[in-house]
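Some notes on the structure that comes next.
There are 2 protein chains.
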Amino acid sequence: MRVFGIDCGTEFTGYGVVEMDARARNSRLVHCAAGTIRLNKKEATPTRLVKIFGELTAQITLHEPDVVAIEEVFFSANAKSALKLGQVRGVAMLAAATCGKPVVEYAPLSIKSAVVGYGLAAKEQVQFMVMRLLALETAPDSADAADALAIAICHLHTAQTLDLQAGAGGRR
Amino acid sequence: MRVFGIDCGTEFTGYGVVEMDARARNSRLVHCAAGTIRLNKKEATPTRLVKIFGELTAQITLHEPDVVAIEEVFFSANAKSALKLGQVRGVAMLAAATCGKPVVEYAPLSIKSAVVGYGLAAKEQVQFMVMRLLALETAPDSADAADALAIAICHLHTAQTLDLQAGAGGRR
Chain H
1 MRVFGIDCGT EFTGYGVVEM DARARNSRLV HCAAGTIRLN KKEATPTRLV KIFGELTAQI
61 TLHEPDVVAI EEVFFSANAK SALKLGQVRG VAMLAAATCG KPVVEYAPLS IKSAVVGYGL
121 AAKEQVQFMV MRLLALETAP DSADAADALA IAICHLHTAQ TLDLQAGAGG RR
Chain E
1 MRVFGIDCGT EFTGYGVVEM DARARNSRLV HCAAGTIRLN KKEATPTRLV KIFGELTAQI
61 TLHEPDVVAI EEVFFSANAK SALKLGQVRG VAMLAAATCG KPVVEYAPLS IKSAVVGYGL
121 AAKEQVQFMV MRLLALETAP DSADAADALA IAICHLHTAQ TLDLQAGAGG RR
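Chains H and E supply the protein sequences, listed in that same order. Take 1 as the starting number for the first sequence in UniProt numbering and just add one per residue. Take 1 as the starting number for the second sequence in UniProt numbering and just add one per residue.
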């Protein structure tokens, strides 16, 4: 199973592709790709949305994931920033759906729990564990790309747990 | 000049197309089309976003407007609803930009001022004036479609005023 994780942001949107090799012992996680879409704040919003949509569509098409995983957002910041983040998030979900991929969402707490084992882990701990779990020698090109990889790992761990719970472990 | 107005909503998204016939005396406003995209709340968000994107792209392509006008949103409601509205808005702006149309935004106060002459006008007053200005015999199929027509009228009035201010009135 291959997962395409997306960490949406109004300036930087990270993506990360992780695969689980179910045939390997201990279901090894394999890092396939990661990157950051950087937006120019001086550009108009529609232009920025076209860039995010185009780059995500290209990357999803290239990596052919089974599923796209996005972080659920709950935050108490002002409604204005929520609206702006929503614009990016809507376009990201559209890119996934247009490519015919199912979209799953995970709360930040679940992502941290799945990667670090502790829901309130710091950002640095998440990045450290992402590098360790994927056996990366260098850090991803941005914190957002690392977060996107964490989201993908979260889905793989969750899917594996559900699989084991269903008594289907190892059959895939 | 033909304007495609969009009133974004998480359940109903209205659109309305209005043209200004600059050759006519008093620059007559002409109603071209209006409609409502109704979303099924039971469907997943990506599916709903695909529907909005598809329908808006089809309507913009069909009506070939010179510009797409969207309402600016400022609201004090919770961040969660702002995020959801942002998702729809992002997809609407992407549809316009993908069709190669410039996107303009107007604050609710400007829209009401342009249509009713009073920034704090009630929703019913806006609908009444939209019907009157466009000489419609029946009301648009939803309040959202009426609002979308109001946004289009606002841009036409604003563009005309700027034109007159620039001393170019009547030359177009």
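Note that the Cβ used here is the ideal one computed from N, Cα and C, for glycine as well. Since the structure is predicted, the reported quantities are computational estimates derived from the model, not experimental observations.
In the three-state DSSP reduction, residue 122/E falls in the coil class, being neither helix nor strand. Considering only 20/E, 119/E, 91/E, the residue with the shortest C-alpha distance to residue 54/H is 91/E. Here the alpha carbons of residue 12/H and residue 38/H stand approximately 5 Å from one another. With its beta carbon at least 8 Å from every one in chain H, residue 42/E lies outside the interface. At a Cβ-Cβ threshold of 8 Å, residue 136/E and residue 153/E do not count as neighbours. Using beta-carbon distances, residue 108/H does not count as an interface residue toward chain E, since no partner is under 8 Å.
Spanning the alpha carbons of residue 31/H and residue 93/H requires a straight line of approximately 22 Å. Of the other Cβ atoms in all chains shown, fewer than 16 fall within 10 Å of the Cβ of residue 102/H; this residue is therefore exposed. Contact annotation: in the segment 81 to 94 of chain E, residues whose CB is within less than 7 Å of a CB in chain H are 82, 83, 84, 85, 86, 87, 88, 89, 90, 91, 93, 94. Restricting attention to 8/H, 28/H, 63/H, 166/H, the CA atom closest to the CA of residue 36/H is found in 8/H.
With 16 or more other Cβ atoms from the protein chains shown falling within 10 Å of its own Cβ, residue 10/E counts as buried. The residue from 147/E, 83/E, 130/E, 99/E with its alpha-carbon nearest to that of residue 65/E is 99/E. For residue 39/H, the closest Cβ of chain E is not nearer than 8 Å. Taking the Cα positions, residue 83/H is about 8 Å away from residue 87/E. In the DSSP annotation of this structure, the continuous segment of the beta strand (DSSP E) that includes residue 71/H starts and ends at 67 to 71. Within chain H, no C-beta atom comes nearer than 7 Å to that of residue 65/E; the closest sits roughly 14 Å away. In this chain, the alpha helix (DSSP H) harbouring residue 83/H covers 79 to 98. By the CB criterion at 8 Å, residue 146/H and residue 127/H fall inside the cutoff. Around the beta carbon of residue 43/H, a 10 Å sphere encloses fewer than 16 other beta carbons of the protein chains shown; the residue is thus reported as exposed. Residue 36/H sits in a strand when the DSSP states are folded into three classes. Neighbours of residue 152/E in chain H, taken as residues whose beta carbon is under 8 Å from its own, are absent, since the nearest beta carbon is some 17 Å off.
In the same chain as residue 156/H, and ignoring 5 residues on each side of it, the C-beta atoms closer than 7 Å to its own belong to 1, 3, 18, 20, 29, in chain order.
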